[in-house]
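Numbering (our numbering), first residue to last: 381 to 554.
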């Protein structure tokens, strides 16, 4: 089923030409932006529609509750992508994964973890519960035991970080 979302994209010059030609010659004596579509089409311009796969892309937000719901839907979509790529998650709905995060297969992520920025989690890594990783590389087979904070850092291959350890701005972490 198709419907009009009310979202339009125009080349500015063409829009202004069409706007100059619309009229309010209707019962309501109103100007309708949608009339510009017919004007452009009749002038031989290309007018196309876009069919979206996910209606959530055009959902409106009128309250904090609706905003929170859309955020949940978006984060769930990201989590599903990684789950279907071989990432194990404990209590997935509690895990926050940002857009720019890369996670290789065979990674295990504990509940309550937050992965954001340009972070990469390599194969075999284990993140215990409630870890925060931001703009960092967690190398192959590394283990974060839990409640770790890693920011702007590099964790070496097969490194084990004790519970609660923090590593911030350490490119050559030893």
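Glycine included, every Cβ here is placed at the ideal spot set by N, Cα and C. The model shown is predicted, which means the values in this text are computed figures rather than measured ones.
Quick check: what's the CA-CA separation for residue 553 versus residue 381?
Numbered from its first residue, the chain shown carries residue 553 at position 173. Numbered from its first residue, the chain shown carries residue 381 at position 1. With a pLDDT of 46 at residue 553, under the threshold of 50, the predicted position of this residue should be treated as unreliable, though the coordinate-derived value follows. One C-alpha to the other measures close to 55 Å.
What does residue 514 pair with, by DSSP beta-bridge criteria?
In the chain shown, counting from the first residue as 1, residue 514 sits at position 134. Per DSSP, 496 and 531.
With H, G and I counted as helix, E and B as strand and the rest as coil, what does DSSP make of residue 482?
Taking the first residue of the chain shown as position 1, residue 482 is located at position 102. In this structure, residue 482 counts as strand in the three-state DSSP scheme.
Using a threshold of 9 Å, state whether the C-beta atoms of residue 512 and residue 494 are closer than that.
Here residue 512 is taken as the residue at index 132 of the chain shown, counted from 1. Here residue 494 is taken as the residue at index 114 of the chain shown, counted from 1. Yes, the Cβ-Cβ distance between residue 512 and residue 494 is below 9 Å.
Would you kindly report the start and end of the unbroken beta strand (DSSP E) that includes residue 547?
Residue 547 sits at position 167 when you count from the first residue of the chain shown. It spans 546 to 548 - the beta strand (DSSP E) in which residue 547 sits, taken as one unbroken run.
Could you say which of 416, 448, 454 and 445 lies nearest to residue 434 if we only look at CA atoms?
In the chain shown, residue 434 corresponds to position 54, counting from 1. If we check each option's Cα against that of residue 434, 454 comes out closest.
Do you know whose CA, among 497, 498 and 459, lies nearest residue 489's CA?
Mapped onto the chain shown, residue 489 falls at position 109. Comparing Cα positions, the closest option is 459.
Taking contact to mean at least 3 C-beta pairs separated by less than 8 Å, is the stretch 415 to 430 in contact with the stretch 444 to 454?
no
Pop quiz: residue 503 and residue 485 are said to be a contact at Cβ under 8 Å. What is the actual Cβ separation, rounded to whole angstroms?
Locating residue 503 in the chain shown gives position 123, where the first residue counts as 1. Locating residue 485 in the chain shown gives position 105, where the first residue counts as 1. With 8 Å as the limit, residue 503 and residue 485 qualify as a contact, their Cβ atoms being about 6 Å apart.
Start and end of the alpha helix (DSSP H) containing residue 521?
Translated into positions along the chain shown, residue 521 becomes position 141. From DSSP, residue 521 is part of no alpha helix (DSSP H); its letter is neither H nor E.
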